[in-house]
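To start, the structure itself, in structure tokens.
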Amino acid sequence: GAGVSQSPSNKVTEKGKDVELRCDPISGHTALYWYRQSLGQGLEFLIYFQGNSAPDKSGLPSDRFSAERTGGSVSTLTIQRTQQEDSAVYLCASSLYGQGAQYFGPGTRLTVT
Amino acid sequence: AQSVTQLDSHVSVSEGTPVLLRCNYSSSYSPSLFWYVQHPNKGLQLLLKYTSAATLVKGINGFEAEFKKSETSFHLTKPSAHMSDAAEYFCVVSDRSKGKLIFGQGTELSVKP
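Here the protein sequences come in this chain order: A and B.
Count the first sequence with my numbering and you get residues 12 to 124, in order.
Count the second sequence with my numbering and you get residues 641 to 753, in order.
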């Protein structure tokens with residue numbers, strides 16, 4: 012079946028602009044996660060959605076980062092007023108339940124110039 | 641708090657020889673552990689998972705890992721390396737209370753002809 016999809020695959024933006032990254036999880040998966048992969052920091056958790064519960068935002072690095080999940084499916088990660096240190100690969104994952112194995116999308120490579 | 645430590649940042653083997661990638665974990669309760677693989681410019685692929693069933697876990701592409709509670713280890717092995725195994729490997733523990741994954745720093749595996 013279809014895996015996790017993310018768009019765009021690459022995004023180049025100017026410092027100070029806002030960007031939106033999209034994730035479409037595996038159908039039927041109730042849990043959705045965002046991670047960031049950068050050279051200096053490795054793989055970092057950002058935010059976690061589980062069903063209709065309030066999201067776990069404990070990994071968001073600043074208030075410029077936000078995410079929403081509409082209708083329990085598609086999620087959008089928004090970064091406002093982008094900075095160069097936001098340059099990274101943003102990965103989305105989903106799992107059937109909150110504690111199971113997570114399946115990752117191909118990622119969005121964000122470059123802030 | 642849970643954590644994982646990958647003991648080698650880089651491992652180099654010859655094609656046809658065994659692979660050993662080492663991982664130690666720290667957890668206050670019985671953990672869920674995973675190995676993921678990331679090929680260059682690709683997303684993360686689940687290799688195998690341990691979730692408190694059999695201590696020897698078999699994964700895809702001939703990889704397996706053994707959970708050893710007494711040693712707090714979850715090393716990844718393969719009897720015979722193939723050129724296509726060259727990639728970065730991540731040992732991962734799941735945060736039971738929040739569902740997020742906590743990643744090790746990764747081990748880059750090189751396979752020489």
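All C-beta atoms in this analysis are idealised placements derived from N, C-alpha and C, irrespective of residue type, glycine included.
All figures in this text were calculated on a predicted structure; none of them were measured in a lab.
For B/SER734, the residue or residues it bridges with in DSSP: For this step, residue 734 of chain B is matched to residue 94 along the second sequence. Looking at the DSSP assignment, B/SER734 forms a beta bridge with B/LEU741.
Within the segment 666-737 of chain B, ranges of the beta strand (DSSP E) (whole runs, at least 3 residues): 673-678, 684-690, 696-698, 704-708, 713-718 and 727-734
Inter-residue CB distance, A/TYR101 and A/ARG47 (contact presumed, cutoff 8 Å): Mapped onto the first sequence, residue 101 of chain A falls at position 90. Mapped onto the first sequence, residue 47 of chain A falls at position 36. Going by Cβ atoms, the distance from A/TYR101 to A/ARG47 rounds to 6 Å, so yes, they are a contact pair.
Got a sec? Which residues, its chain only, sit under 6 Å from B/THR712 by beta carbon, not counting five neighbours each side? On the second sequence, position 72 is the one that residue 712 of chain B refers to. So the qualifying residues of the chain are ASN664 and TYR665.
So is A/SER106 buried or exposed if we call it buried at 16+ other beta carbons inside 10 Å? Counted from its first residue, the first sequence places residue 106 of chain A at position 95. It counts as buried.
Pull up the CB-CB distance for A/THR119 and A/SER20, whole angstroms please, since I reckon it's below 8 Å. By 1-based counting over the first sequence, the position of residue 119 of chain A is 108. By 1-based counting over the first sequence, the position of residue 20 of chain A is 9. Yes, A/THR119 and A/SER20 are in contact; Cβ-Cβ is about 6 Å, under 8 Å.
Using beta carbons (cut-off 8 Å, strictly below), is A/GLN52 in contact with chain B? If you number the first sequence from 1, residue 52 of chain A lands on position 41. Taking Cβ atoms only, chain B never reaches closer than 8 Å to A/GLN52, which makes this a no.
Could you pull the start and end residues of the beta strand (DSSP E) that A/GLU79 belongs to? Position 68 of the first sequence, counted from the first residue, corresponds to residue 79 of chain A. Taken as a continuous stretch (DSSP letters only), the beta strand (DSSP E) holding A/GLU79 covers 76-80.
What does a CB cutoff of less than 7 Å around B/SER692 pick up in its chain, not counting 5 residues either side in sequence? Position 52 of the second sequence holds residue 692 of chain B. SER670, listed in sequence order.
Taking a cut of 9 Å between CB atoms, which residues from the segment 720-750 of chain B lie near chain A? PHE730, VAL732, SER734, ASP735, ARG736, LYS738, GLY739, LYS740, LEU741, ILE742, PHE743, GLY744, GLN745 and GLY746
CA-CA distance, A/PHE56 and B/ALA705? For this step, residue 56 of chain A is matched to residue 45 along the first sequence. For this step, residue 705 of chain B is matched to residue 65 along the second sequence. Rounded to the nearest angstrom, the two C-alpha atoms are 24 Å apart.
Beta-carbon contacts of A/VAL23 that lie in its chain and below 6 Å, excluding the five residues immediately before and after: As a first step, residue 23 of chain A is located in the first sequence; it is residue number 12 there, counting from the start. THR122, listed in sequence order.
Taking Cβ to Cβ, would you say A/SER77 is nearer than 8 Å to A/THR89? Start at 1 with the first residue of the first sequence, and residue 77 of chain A comes out as number 66. Start at 1 with the first residue of the first sequence, and residue 89 of chain A comes out as number 78. The answer is yes: Cβ separation under 8 Å.
Anything in chain B within Cβ reach of A/GLY118, meaning under 7 Å, just list it in chain order. For the purposes of this step, residue 118 of chain A is taken as the residue at position 107 of the first sequence. By Cβ distance, chain B contributes GLY683.
Show which residues of chain A have a CB atom less than 7 Å away from the CB atom of B/LEU686. Against the second sequence, residue 686 of chain B aligns to sequence position 46. In chain order: ALA112 and TYR114.
Helix, strand or coil at A/GLU96 according to DSSP, with G and I counted as helix: The count along the first sequence starts at 1 and reaches residue 96 of chain A at position 85. Helix at A/GLU96.
Please report how far the alpha carbon of B/PRO753 lies from the alpha carbon of B/VAL651, in whole angstroms. Counting from one through the second sequence, the residue named residue 753 of chain B turns up at place 113. Counting from one through the second sequence, the residue named residue 651 of chain B turns up at place 11. Between B/PRO753 and B/VAL651, the alpha-carbon positions lie close to 14 Å from each other.
Select from A/ALA13, A/ARG92, A/PRO117 and A/TYR108 the residue whose C-alpha is nearest the C-alpha of A/GLN61. Within the first sequence, the letter at position 50 stands for residue 61 of chain A. Nearest of A/ALA13, A/ARG92, A/PRO117 and A/TYR108 to A/GLN61, Cα basis: A/TYR108.
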